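Below is one structure, written out as C-alpha cells; the observations come after it.
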Amino acid sequence: MTFVFLIARGLWESRYSCCQSDSNVTGCCVADCHVTEMAPKSVLEAFQEAPPPLGPQDKRSRKVYAFDCEMVYTTWGTSLARISVVDINYDLVMDIIVRPQHKVRDCNTRFSGLTMDQIERAELGLEQAQKMFFELINSETILIGHSVESDLKAMRLVHHKVVDTSIVFPHRLGPPYKRALKTIASEFLQLIIQEDVDGHDSKEDASTCMRLMVHKVVHD
C-alpha cells in the first residue's frame, strides 16, 4: 500500500493506492504485523547479472521471454516466492516456488496466490532459482514484464535488455503513475485477467505481458 496524491477541486488529496479510499478511513485490509522494505548489505551482494553469451551460437541470445514474480512478506521485507516464465509462443518454460531465506510473516495470498503450505513445501532457494533462470537467459536475452523493476529486484537480477509494458502502455498522466496490467489487457486484448479470488497467477501475468507486446508489434 502507498499513498497517491491527487488534485481534486483545486486541493491535494491523499488516497490509498490499493482501494482509492481516503487516507483518513480504516484500511481495506488488516494484517497481524507491519512489514519493512529495509535492505541489508547481504541483499545487495546477492544481485547478479545474467551470464554473457557462450559464443555466437548461444541460442539464449536470440530468445525473448516474459516473466512475472510473486512475493511474500518476511521478517526482512518482501522476498521472492514464485517465478513464472513464458516464451514467444506463450508456452510455460519455467514455473517454480521459491523458499524465502527468512521467516515468512505473511504470504500476501490476496495478491501472490500462494499459501503457507506451498511456501513450506518449496525446496528451491533464491540461488537455485537464479541458476535455473540463467539456463534460459544470458545478457543478450530480452525480458518482458510489467513494472519489471519489482521482479528484477525480487530475483536479485541486473539486466539491461528489458521491455516494460507499464512504459510501453503509459498512464495518461505520465510518471510516476502506471496503468494496471489488468486494465491494459482489457483495453488492448479484450482479455479479463486477475479474476481469481485466490490471488494473482504469475503464469497468467507473464503470458499477458507477452501477448501485449506481440499485439503491439503486429498492430504498430
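Take the sequence shown: its position 154, counting from 1, is numbered 145 in this note's numbering, and each next residue is one higher. Here a beta-carbon is modelled for each residue, glycine too, at the ideal position from N, C-alpha and C. All values reported here derive from a predicted model rather than from experimental measurement.
(request) Over the uninterrupted beta strand (DSSP E) stretch that includes E61, give me the two end residues. (result) By 1-based counting over the sequence shown, the position of residue 61 is 70. 55 to 65 is the extent of the beta strand (DSSP E) around E61.
(message) Can you look up A72 in the DSSP assignment and give me helix, strand or coil?
(response) Sequence index remark: in the sequence shown, residue 72 carries index 81 (1-based). In the structure shown, A72 sits in a strand (DSSP, three-state: E or B).
(request) Could you tell me which of P167, R73, M201, E40 sits nearest to N99, measuring between CA atoms? (result) As a first step, residue 99 is located in the sequence shown; it is residue number 108 there, counting from the start. Closest option to N99, Cα to Cα, is R73.
(message) Looking at the secondary structure, which residues open and close the alpha helix (DSSP H) in which V183 lies?
(response) By one-based count along the sequence shown, residue 183 stands at place 192. With the sequence shown as reference, residue 183 is identified as Ile, and Val is not the correct amino acid for it. No alpha helix (DSSP H) contains I183, which DSSP labels as neither H nor E.
(request) Please classify L115: does DSSP put it in a helix, a strand, or coil? (result) For this step, residue 115 is matched to residue 124 along the sequence shown. Strand at L115.
(request) Count the other CB atoms, across all protein chains shown, that sit within 10 Å of the CB of L105; report buried if there are 16 or more and exposed otherwise. (result) Taking the sequence shown and counting its residues from 1, one reaches residue 105 at position 114. So L105 ends up on the buried side.
(request) Round the Cβ separation of L127 and F38 to the nearest angstrom and send it over; I've been treating them as touching at under 8 Å. (result) Taking the sequence shown and counting its residues from 1, the one referred to as residue 127 is at position 136. Taking the sequence shown and counting its residues from 1, the one referred to as residue 38 is at position 47. With 8 Å as the limit, L127 and F38 do not qualify as a contact, their Cβ atoms being about 18 Å apart.
(request) Could you pull the start and end residues of the beta strand (DSSP E) that C153 belongs to? (result) Taking the sequence shown and counting its residues from 1, one reaches residue 153 at position 162. According to the sequence provided, residue 153 is Val. The question's Cys does not apply to it. Here the beta strand (DSSP E) through V153 covers 153 to 155.
(request) May I have the straight-line CA-CA distance separating N129 from N80, to the nearest angstrom? (result) Walking along the sequence shown from the start, residue 129 turns up at place 138. Walking along the sequence shown from the start, residue 80 turns up at place 89. Distance between the alpha carbons of N129 and N80 is about 19 Å.
(request) Indicate whether D108 and H137 have their beta-carbon atoms separated by less than 8 Å. (result) The sequence position of residue 108 within the sequence shown is 117, counting from 1. The sequence position of residue 137 within the sequence shown is 146, counting from 1. No, Cβ-Cβ distance for D108 and H137 is not below 8 Å.
(request) Would you mind working out which of V209, H210, D211, C200 sits nearest V55, comparing C-alpha positions? (result) As a first step, residue 55 must be located in the sequence shown, where it is residue number 64. For V55, the nearest C-alpha among the options comes from C200.
(request) Tell me where the beta strand (DSSP E) around D196 begins and ends. (result) To locate residue 196, count along the sequence shown from 1; it is residue 205. Looking at the DSSP string, D196 is not in any beta strand (DSSP E); the run it does join, the alpha helix (DSSP H), is 193 to 210.
(message) Just list the residues that DSSP pairs D78 with in beta bridges.
(response) Start at 1 with the first residue of the sequence shown, and residue 78 comes out as number 87. D78 is not bridged to any residue.
(request) Going by DSSP, name the residue or residues bridged to V149. (result) Working through the sequence shown from its first residue, we reach residue 149 at position 158. DSSP, once it has assigned bridges, lists E40 as partnering V149.
(request) Below 8 Å on the Cβ atoms is my guess for L83 versus K194; work out the distance and round it to an integer in Å. (result) The sequence position of residue 83 within the sequence shown is 92, counting from 1. The sequence position of residue 194 within the sequence shown is 203, counting from 1. Confirmed, Cβ separation roughly 6 Å.
(message) Checking 8 Å against the spacing of the C-beta atoms, do S75 and M62 come in under that value?
(response) Stepping through the sequence shown from its first residue, residue 75 is reached at position 84. Stepping through the sequence shown from its first residue, residue 62 is reached at position 71. No, they are not a contact pair.
(request) List the residues that DSSP assigns as beta-bridge partners of V95. (result) For the purposes of this step, residue 95 is taken as residue 104 along the sequence shown, with counting starting at 1. Note: V95 sits in a beta bridge opposite T65.
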